[in-house]
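Since the structure comes first, as structure tokens, the remarks are kept for the end.
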Amino acid sequence: MDSNCRYDLQGFSDDLGLSIEEVANLFSDLIIEIKSEIYKMKIYLNEKDLEELRRVNHNIKGISANYRILDIYKETHTISDALKIGDFQALKILYQDFFIVSENAIQEITCYFERKGLVLNKL
0 MDSNCRYDLQ
10 GFSDDLGLSI
20 EEVANLFSDL
30 IIEIKSEIYK
40 MKIYLNEKDL
50 EELRRVNHNI
60 KGISANYRIL
70 DIYKETHTIS
80 DALKIGDFQA
90 LKILYQDFFI
100 VSENAIQEIT
110 CYFERKGLVL
120 NKL
């Protein structure tokens with residue numbers, strides 16, 4: 000595990016039997032998907048569309064678990080519980096936290112690969 004990154008990206012690479020370059024491509028796709036889903040979340044939050052928020056949240060929860068980005072996973076799990084209640088004031092606060100955690104994760108993952116000499120396509 001790289002001590003300069005809170006995510007075990009090398010372990011992820013080793014477990015999948017992929018080169019770090021191949022894993023960088025996977026994480027490029029992950030970042031693009033997370034950014035796209037965040038964009039949708041903001042729209043659905045403004046529209047107070049609980050069903051679409053649940054769908055998007057479920058998607059991010061699944062991919063963050065698969066990619067071992069546990070802080071994003073934990074945020075989406077907390078949001079899932081709040082979505083059941085439907086309190087939009089509470090959801091706005093939870094989503095703001097989620098957006099911060101997600102941006103921090105994206106920056107840290109990007110920096111990890113940059114230290115390896117790889118540039119992620121983040122759109």
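Just so we're aligned: 122 in numbering that gives the first Met the number 0 is position 123 of the sequence shown, and the numbers increase by one with no gaps anywhere.
Note that beta-carbon positions come from the ideal geometry of N, C-alpha and C, so glycine has one too.
Since this is a predicted model, take the numbers as computed values, not measurements.
Determine the extent of the alpha helix (DSSP H) in which residue i is found, giving its start and end residues.
{"i": "LYS91", "result": "87–114"}
{"i": "TYR38", "result": "19–46"}
{"i": "ARG55", "result": "It should be pointed out that residue 55 corresponds to Val in this sequence rather than to Arg. First-last of the alpha helix (DSSP H) with VAL55: 49–65."}
Do you know offhand how far residue i's Cα is from residue j's?
{"i": "ASN65", "j": "GLU20", "result": "18 Å"}
{"i": "ASP13", "j": "VAL22", "result": "10 Å"}
How many whole angstroms separate the CB atoms of residue i and residue j, which I take to be in contact at a CB cut-off of 8 Å?
{"i": "ASN56", "j": "SER35", "result": "Not confirmed; about 14 Å, so no contact."}
{"i": "LEU44", "j": "TYR94", "result": "6 Å"}
Smallest Cα separation from residue i: which of the options?
{"i": "ILE33", "options": "LEU93, PHE97, SER18", "result": "PHE97"}
{"i": "LEU128", "options": "LYS73, ILE84, ARG67, LYS41", "result": "Since the first residue of the chain shown is 0 and the last is 122, residue 128 is not available in this structure."}
{"i": "TYR6", "options": "ARG54, LYS47, ARG53, SER63", "result": "SER63"}
{"i": "ASP86", "options": "LEU8, ASP28, GLY10, LYS47", "result": "LYS47"}
Cβ atoms of residue j and residue i: under 8 Å apart, would you say?
{"i": "ILE105", "j": "ILE30", "result": "yes"}
{"i": "THR75", "j": "ILE59", "result": "yes"}
{"i": "ASN103", "j": "SER27", "result": "no"}
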